[in-house]
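Each remark here refers to the structure printed beneath this line.
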Amino acid sequence: MTRESVAIPCRLQINGQSYAADLPPSVTLLDLLRERLDLTGTKKGCDHGQCGACTVLVNGKRVKSCLILAVSIPDAAITTIEGISQNDRLHPMQQAFIDSDAFQCGYCTPGQIMSAIALLEEGHIHSRAEIREFMSGNLCRCGAYNGIIDAIERVVRQQHPNPAGAAA
């Protein structure tokens, strides 16, 4: 019996939809999303957790899906780039990336957006330098970093129009 012939029951919530299957233990969350569920918005970059192109939210926290085995997160709630828009409206972060010209080739954009959403959820909104530090796990080969930071700041301003300490 080979490793691939062993199947482990796996149940996940992906973008609000229930998913259950018997999976080989070696299937990464990234491969499950892209190859078995055709959710190709999550990108495969380095496959070593260094580029951030595969970033998704697992139970509200950002993770690099190439580093996590699908069977290791039973009953997890996973959100991919395909799951963030609502009622055919772009998520505010997606719209901000467009408005701020925060991408060039677009390959890293889904991972960047998912990390930026996590940044906002965790409250890392204090300064441009802190945003840059928080986003350092997501690489952009085109160098659209200033636009990415601008997009995140745009959403921060929308959500927090009068930050603490700002003059009224």
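Whatever position you read off the sequence shown (first residue = 1), add 17 for our numbering.
For every residue, glycine included, the Cβ atom is placed at its ideal position computed from N, Cα and C.
With 16 other Cβ atoms within 10 Å as the buried cut-off, status of residue i
i	result
Ser102	exposed
Ala119	buried
Ser22	exposed
Cys125	buried
Gly140	exposed
Asp55	exposed
Ser117	buried
Gly100	buried
Ala113	buried
Ala185	No answer about Ala185 holds up, because its pLDDT of 39 lies below 50 and its placement is not dependable.
Through-space distance from residue j to residue i, alpha-carbon basis
i	j	result
Gly123	Gln175	24 Å
Arg152	Ala133	Position check: residue 152 holds Met in this sequence, whereas Arg was assumed. Cα-Cα distance, rounded: 7 Å.
Leu156	Thr72	11 Å
Val172	Ile115	12 Å
Ser89	Met110	29 Å
Lys61	Arg145	28 Å
Ala183	Tyr162	Residue confidence for Ala183 is low, a pLDDT of 44 falling below 50, so the modelled location carries little weight; the figure read from the coordinates is stated next. Looking at the two C-alpha atoms, the distance is approximately 25 Å.
Asp39	Glu138	32 Å
Gln67	Gly154	7 Å
Met131	Gly33	16 Å
Ser43	His177	43 Å
Leu107	Val75	20 Å
Leu49	Ile95	12 Å
Arg158	Glu150	17 Å
Leu189	Ile166	This structure does not reach residue 189, given that the chain is present from 18 up to 185, and the question cannot be answered.
First and last residue of the uninterrupted alpha helix (DSSP H) at residue i
i	result
Tyr162	162-176
Anticipated Cβ contact below 8 Å, residue i with residue j, distance rounded
i	j	result
Ala87	Thr45	7 Å
Arg51	Ala37	Contact doesn't hold; Cβ gap of about 18 Å is too wide.
Ala70	Gly128	5 Å
Thr186	Ser35	Residue 186 lies beyond the residue range present for the chain, which begins at 18 and ends at 185; the question has no answer from this structure.
Lys78	Ala135	7 Å
Opening and closing residue of the beta strand (DSSP E) in which residue i lies
i	result
Ile25	25-31
Ser35	34-40
Thr72	72-75
Lys265	Since the first residue shown for the chain is 18 and the last is 185, residue 265 is missing from the structure and cannot be characterised.
Note to self: To test your reading of the DSSP string, which unbroken alpha helix (DSSP H) runs of 4 or more residues are found completely within the segment 92-153?
What the structure shows: 109-116, 126-139, 145-151
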